[in-house]
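Peer 1: So the protein lines, in turn, are chains A and B.
Residue numbers for the first sequence follow the working numbering, beginning at 117 and rising by one.
Residue numbers for the second sequence follow the working numbering, beginning at 33 and rising by one.
For every residue, glycine included, the Cβ atom is placed at its ideal position computed from N, Cα and C.
One structure, pasted below without further comment.
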Amino acid sequence: MSTTPVIQMKDIVLNYGALTVLHGISVDFNEGEFFALLGPSGCGKTSLLRIMAGFADPTSGQMLLDGKDLIGIPARRRPVNMMFQSYALFPHLSVEQNVRYGLEMARLPADEIRQRVGAILETTHLTDYARRKPNQLSGGQRQRVALARALVMRPRVLLLDEPLGALDKKLREVMQLELKRLQHEMGITFIIVTHDQEEALVMADRIALMRAGQIEQIGTPAELYEMPVSRFVADFVGKTNFFEGVASGGKVSVAGLGELTSTLPASGAVAYSIRPERICVAPAKNDAFENCFQGVIEEVAYHGQDQHILVRLAGQTEPTIARVGAQQPGTRDIGVGAPVWLGWNGADARVLTR
Amino acid sequence: MKSRATNFLLILPGAAWLGVFLLLPCSLVLAYAFMTRGVYGGVVPTFSLDNFVRVFDAVYIEIFLTSARIALLAALVSLVIGYPAAYAISRLPGTWQLPALFFVILPFWSNYLIRTYAWIVLLNRTGVINEGLRGLGIIDAPLDILYTESAIVVGLVYNYLPFVILSVFSSIQRLNPEVLEASEDLGAAPWRTFLRVTLPLTMPGVVAGGVFVFVLSIGNFITPNLLGGGQVKMVGNVIYDQFTSARDWPFGAALSLSLIAIMMVLLVIQTTLSHRIRKIEKVEA
Chain A
117 MSTTPVIQMK
127 DIVLNYGALT
137 VLHGISVDFN
147 EGEFFALLGP
157 SGCGKTSLLR
167 IMAGFADPTS
177 GQMLLDGKDL
187 IGIPARRRPV
197 NMMFQSYALF
207 PHLSVEQNVR
217 YGLEMARLPA
227 DEIRQRVGAI
237 LETTHLTDYA
247 RRKPNQLSGG
257 QRQRVALARA
267 LVMRPRVLLL
277 DEPLGALDKK
287 LREVMQLELK
297 RLQHEMGITF
307 IIVTHDQEEA
317 LVMADRIALM
327 RAGQIEQIGT
337 PAELYEMPVS
347 RFVADFVGKT
357 NFFEGVASGG
367 KVSVAGLGEL
377 TSTLPASGAV
387 AYSIRPERIC
397 VAPAKNDAFE
407 NCFQGVIEEV
417 AYHGQDQHIL
427 VRLAGQTEPT
437 IARVGAQQPG
447 TRDIGVGAPV
457 WLGWNGADAR
467 VLTR
Chain B
33 MKSRATNFLL
43 ILPGAAWLGV
53 FLLLPCSLVL
63 AYAFMTRGVY
73 GGVVPTFSLD
83 NFVRVFDAVY
93 IEIFLTSARI
103 ALLAALVSLV
113 IGYPAAYAIS
123 RLPGTWQLPA
133 LFFVILPFWS
143 NYLIRTYAWI
153 VLLNRTGVIN
163 EGLRGLGIID
173 APLDILYTES
183 AIVVGLVYNY
193 LPFVILSVFS
203 SIQRLNPEVL
213 EASEDLGAAP
223 WRTFLRVTLP
233 LTMPGVVAGG
243 VFVFVLSIGN
253 FITPNLLGGG
263 QVKMVGNVIY
273 DQFTSARDWP
283 FGAALSLSLI
293 AIMMVLLVIQ
303 TTLSHRIRKI
313 EKVEA
């Protein structure tokens, strides 16, 4: 993957009347990368996608594609295609007619159209369904038609608006890998909008986490998960435990609990974040951990491959969650009401000032 | 089943109304059509197919064809005027759509007869249109518009246009806006999106509106009577004459049945067609 930007956005602002939807977004989307715009509903991620597609004009800001200004160019002239959340298939046209539509609009020679449509139907496993109408297809097949219809255009950038939202969990997991395979095979930049952090973590090379019309953090999935810059990021990406406290030097003092160690110096009011899988649960105190606290098990949630143990620590309003492998020795005896020790190292914690 | 008894009770008044005021007269017409005209105008209960043989007489076939031509023209003109209007209304901001539709149906609040008389005032040799055109210097002598087929078409279009606008509008409302965006995204100019996507997907509304105008027009007798002024005869006028001045009820009944048959065939075609398109449209996940 190179780092040549395909689409560059600078200070993009979008107003709807008195409402500001996007507050100055700046982000570069690189050649050949799988980029996820992640965020809760109403954060502006779909608006950003629609600006790139050409269905909305930003109130101000700059947007370049391959270095050339994109603002003012109508959607139909942009080398960018979109896969819609509703798939937006043409219900009166067959799968094959849906897929060839864009090539016909481009007035390509019949031979080339036939060859390209045949190839993309093959790639998306739709050859056997070419003559069917959209209402004769399953949800997963319709999703693939929408994908084929956009990919056959060989866009510089493919925009995907919640592409897996309408599928059930099993199919979603299959399609996550399928999308990655297609993106890799065709070498096209994918920009996907999703509210599902797991989906973003699995598929994306880079993620921009958005909140209320602003980008909170841009980074690789690992960066967002391991090094969140704010409470919002730590909370939205994966699960975490927060302890509100006051930091000085490498220590955070938490009311009712005591001092927690970290390797990150900070001062003032902070949130101390520790991921559930970084916490060790043991019946006795284990001095190998820098932070050890005793608590009482409030609840055990069985998840198959692991279990979430909710422990009430002294002086805390929220239970602390620890994730323990179901096969880990000794965990069979864990039961509600039992006293346990939680332990973790300061290097695994994050201290967040925002 | 309690709900079945409730359903029966709920449907009873409507069914009784239809039975007394629709089925009964229709059965009477059906029966009369196969009887014979009495010497002094009454109906003699002697079985005969003569009335239907007469329907196929060249004179009446001609009248049916004239009626069909006028009705078809009215339907086409209504669609040509109504489709853009419906499209424009659907593009208005949400708060303006309801007022716009209200103005579309506003003429229904006045009497059909009065509205048609108004067209006599507008179309006659010294009417607003002729005087206006003369005032603008476009014509020297007044145009003979009133008492022609054109005048009838104008009257029919005017009266039935709201049906076309409403049925096309509801069809456009059903369109998924993302489907139109997808067409644009794939490189289609607005007119190509219209021809390839919008128009095919709104065909149910077009056909429903068109058939509606056609069916209401082909059997109409007030508009051809007033605006055709006896110069142009449509089936409705002939039927009216049979039941009044000609006093040949059995033949009038046979003509009516033939007209009903034509309407039924059209309505069945329209229903089948729109049903098929609706089925195709059901793709929302």
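Hey, which unbroken runs of the beta strand (DSSP E) at 3 residues or more fall wholly within the segment 323-373 of chain A?
Peer 2: Complete beta strand (DSSP E) runs here, min 3: 330-335, 357-370.
Peer 1: Please go through the segment 394-448 of chain A and give each complete beta strand (DSSP E) segment of 3 or more residues, from N-terminal end onward.
Peer 2: DSSP runs (the beta strand (DSSP E)) wholly in the segment 394-448 of chain A: 396-398, 407-418, 422-429, 436-441.
Peer 1: Would you say Ile-312(B) faces chain A, with C-beta separation under 9 Å as the test?
Peer 2: For the purposes of this step, residue 312(B) is taken as residue 280 along the second sequence, with counting starting at 1. Yes - at least one Cβ of chain A is within 9 Å of the one on Ile-312(B).
Peer 1: Have a look at Gln-205(B) and Tyr-341(A) and give me their C-alpha separation to the nearest angstrom.
Peer 2: Within the second sequence, numbered from 1, the residue matching residue 205(B) stands at position 173. Within the first sequence, numbered from 1, the residue matching residue 341(A) stands at position 225. Cα to Cα, the separation comes out at about 44 Å.
Peer 1: Considering only their Cβ atoms, is the gap separating Leu-233(B) from Ser-202(B) smaller than 9 Å?
Peer 2: Your numbering for residue 202(B) matches position 170 in the second sequence. Your numbering for residue 233(B) matches position 201 in the second sequence. It is not a contact, given that the beta carbons lie outside the stated cut-off.
Peer 1: Does DSSP classify Phe-17(B) as helix, strand or coil?
Peer 2: Because chain B here runs from 33 to 317, residue 17(B) falls outside it and cannot be looked at.
Peer 1: Quick one: what does DSSP say Asn-257(B) is sitting in, helix, strand or coil?
Peer 2: For the purposes of this step, residue 257(B) is taken as residue 225 along the second sequence, with counting starting at 1. Here Asn-257(B) sits in helix by DSSP.
Peer 1: Can you tell me whether DSSP reads Tyr-64(B) as helix, strand or coil?
Peer 2: Here the question's residue 64(B) lines up with position 32 in the second sequence. Looking at Tyr-64(B) - three-state DSSP - the assignment turns out to be helix.
Peer 1: Considering only C-alpha positions, which residue in the set Ala-220(B), Gly-164(B), Val-245(B), Glu-210(B) is nearest to Val-196(B)?
Peer 2: On the second sequence, residue 196(B) is found 164 positions in, with the first residue counted as 1. For the residues Ala-220(B), Gly-164(B), Val-245(B), Glu-210(B), the minimum Cα distance to Val-196(B) belongs to Val-245(B).
Peer 1: Is the shortest distance between the beta-carbon of Gly-218(A) and the beta-carbons of chain B less than 9 Å?
Peer 2: Here residue 218(A) is taken as the residue at index 102 of the first sequence, counted from 1. Answer yes: the Cβ-Cβ gap between Gly-218(A) and chain B drops below 9 Å somewhere.
Peer 1: Taking Cβ-Cβ distances below 9 Å as the criterion, which residues of the segment 241-268 of chain B are in contact with chain A?
Peer 2: If the cut-off is 9 Å between Cβ atoms, the segment 241-268 of chain B has nothing near chain A.
Peer 1: Using only CA atoms, which one of Gly-159(B), Asn-208(B), Met-266(B), Gly-242(B) lies nearest to Met-303(B)?
Peer 2: Within the second sequence, residue 303(B) is the residue found at index 271, counting from 1. Note on residue identity: the sequence assigns Thr, not Met, to residue 303(B). Of the listed residues, the one whose Cα sits closest to Thr-303(B) is Gly-242(B).
Peer 1: So, is Phe-409(A) buried or exposed, given that buried needs 16 or more other C-beta atoms within 10 angstroms?
Peer 2: Looking up residue 409(A) in the first sequence gives position 293. By the neighbour-count rule (16 or more Cβ atoms within 10 Å), Phe-409(A) is buried.
Peer 1: For Arg-224(B), which residues in chain A fall below 8 Å Cβ to Cβ?
Peer 2: Walking along the second sequence from the start, residue 224(B) turns up at place 192. Neighbours of Arg-224(B) on chain A, chain order: Met-221.
Peer 1: In angstroms, rounded to a whole number, what distance separates the CA positions of Ala-278(B) and Gly-251(B)?
Peer 2: The sequence position of residue 278(B) within the second sequence is 246, counting from 1. The sequence position of residue 251(B) within the second sequence is 219, counting from 1. Roughly 19 Å between the two C-alpha positions.
Peer 1: Contact defined as beta carbons within less than 8 Å: I believe Gly-462(A) pairs with Ser-378(A). What is the distance between those atoms, to the nearest angstrom?
Peer 2: Mapped onto the first sequence, residue 462(A) falls at position 346. Mapped onto the first sequence, residue 378(A) falls at position 262. So it is a contact: roughly 5 Å between Cβ atoms.
Peer 1: Can you tell me which residues form a DSSP beta bridge with Gly-384(A)?
Peer 2: Indexing the first sequence from 1 puts residue 384(A) at position 268. Paired residues: Ala-363(A).
Peer 1: For chain B, find out if any of its Cβ atoms is closer than 9 Å to the Cβ of Ser-157(A); answer yes or no.
Peer 2: Position 41 of the first sequence, counted from the start, is the residue given in the question as residue 157(A). With 9 Å as the cut-off, Ser-157(A) does not count as an interface residue toward chain B.
Peer 1: Have a look at Gln-299(A) and Phe-306(A) and give me their C-alpha separation to the nearest angstrom.
Peer 2: Within the first sequence, residue 299(A) is the residue found at index 183, counting from 1. Within the first sequence, residue 306(A) is the residue found at index 190, counting from 1. Between Gln-299(A) and Phe-306(A), the C-alpha separation is close to 7 Å.
Peer 1: Buried or exposed for Pro-256(B), please, with buried defined as at least 16 other CB atoms from any protein chain shown within 10 angstroms of its CB.
Peer 2: Mapped onto the second sequence, residue 256(B) falls at position 224. Classification of Pro-256(B): buried, given that the 10 Å Cβ count is 16 or more.
Peer 1: From the beta carbon of Glu-213(B), is the nearest beta carbon of chain A less than 9 Å away?
Peer 2: As a position in the second sequence, residue 213(B) is number 181, starting the count at 1. Output row for Glu-213(B): interface = yes.
Peer 1: Name the chain A residues whose beta carbon is nearer than 7 Å to that of Gly-28(B)?
Peer 2: Beyond the ends of chain B as shown, which are 33 and 317, falls residue 28(B); an answer cannot be given.
Peer 1: Exposed or buried, Gln-421(A), counting other C-beta atoms within 10 Å across all chains shown (16 or more means buried)?
Peer 2: One-based indexing of the first sequence puts residue 421(A) at position 305. When all chains shown are included, Gln-421(A) counts as exposed.
Peer 1: Does the CB of Leu-233(B) have a neighbour CB from chain A at under 9 Å?
Peer 2: As a first step, residue 233(B) must be located in the second sequence, where it is residue number 201. Answer yes: the Cβ-Cβ gap between Leu-233(B) and chain A drops below 9 Å somewhere.
Peer 1: If I follow the unbroken alpha helix (DSSP H) through Ile-250(B), where does it start and stop?
Peer 2: Within the second sequence, the letter at position 218 stands for residue 250(B). Looking at the DSSP string, the run of the alpha helix (DSSP H) that includes Ile-250(B) is 235-250.
Peer 1: Interface residues of chain B around Met-269(A) at Cβ under 8 Å?
Peer 2: On the first sequence, position 153 is the one that residue 269(A) refers to. Leu-218, Gly-219, listed in chain order.
Peer 1: Do Gly-158(A) and Met-125(A) have their beta-carbon atoms positioned less than 9 Å apart in this structure?
Peer 2: As a first step, residue 125(A) must be located in the first sequence, where it is residue number 9. As a first step, residue 158(A) must be located in the first sequence, where it is residue number 42. No, the pair does not count as a contact, with Cβ atoms beyond the cut-off.
Peer 1: Counting only C-beta atoms, is Asn-251(A) closer than 9 Å to chain B at any point?
Peer 2: The residue you call residue 251(A) lines up with position 135 of the first sequence. It does; some Cβ of chain B falls within 9 Å.
Peer 1: From the beta carbon of Pro-472(A), is the nearest beta carbon of chain B less than 9 Å away?
Peer 2: Nothing about residue 472(A) can be read from this structure; chain A reaches only from 117 to 470.
Peer 1: Are any of the Cβ atoms in chain B nearer than 9 Å to that of Phe-171(A)?
Peer 2: For the purposes of this step, residue 171(A) is identified with residue 55 of the first sequence, where counting begins at 1. Taking Cβ atoms only, chain B reaches closer than 9 Å to Phe-171(A), which makes this a yes.
Peer 1: Measuring only between beta-carbons, confirm whether Val-85(B) sits less than 9 Å from chain A.
Peer 2: Stepping through the second sequence from its first residue, residue 85(B) is reached at position 53. By this cut-off, Val-85(B) is not an interface position.
Peer 1: Excluding the five sequence neighbours on either side, which residues of its own chain have a C-beta within less than 8 Å of the C-beta of Pro-271(A), listed in chain order?
Peer 2: For the purposes of this step, residue 271(A) is taken as the residue at position 155 of the first sequence. Once the five neighbours on either side are set aside, the close Cβ partners of Pro-271(A) are Pro-195, Val-196, Asn-197, Ile-304.
Peer 1: Under a Cβ-count criterion, where at least 16 other Cβ atoms within 10 Å of its own Cβ denotes burial, should Ile-413(A) be classed as buried or exposed?
Peer 2: Working through the first sequence from its first residue, we reach residue 413(A) at position 297. Answer is buried; the Cβ neighbour count reaches 16.
Peer 1: Determine the burial state of Arg-258(A): buried for a count of at least 16 other Cβ atoms within 10 Å of its Cβ, exposed for fewer.
Peer 2: As a working note, residue 258(A) is residue 142 in the first sequence. Answer is buried; the Cβ neighbour count reaches 16.
Peer 1: Can you check whether the C-beta of Asn-208(B) is within less than 9 Å of a C-beta belonging to chain A?
Peer 2: Taking the first residue of the second sequence as position 1, residue 208(B) is located at position 176. Yes, Asn-208(B) lies at the interface with chain A (some Cβ there is under 9 Å from its Cβ).
Peer 1: Between the alpha carbons of Ala-226(A) and Val-261(A), how many angstroms are there, rounded?
Peer 2: Translated into positions along the first sequence, residue 226(A) becomes position 110. Translated into positions along the first sequence, residue 261(A) becomes position 145. If I take the Cα positions, the gap works out to 20 Å.
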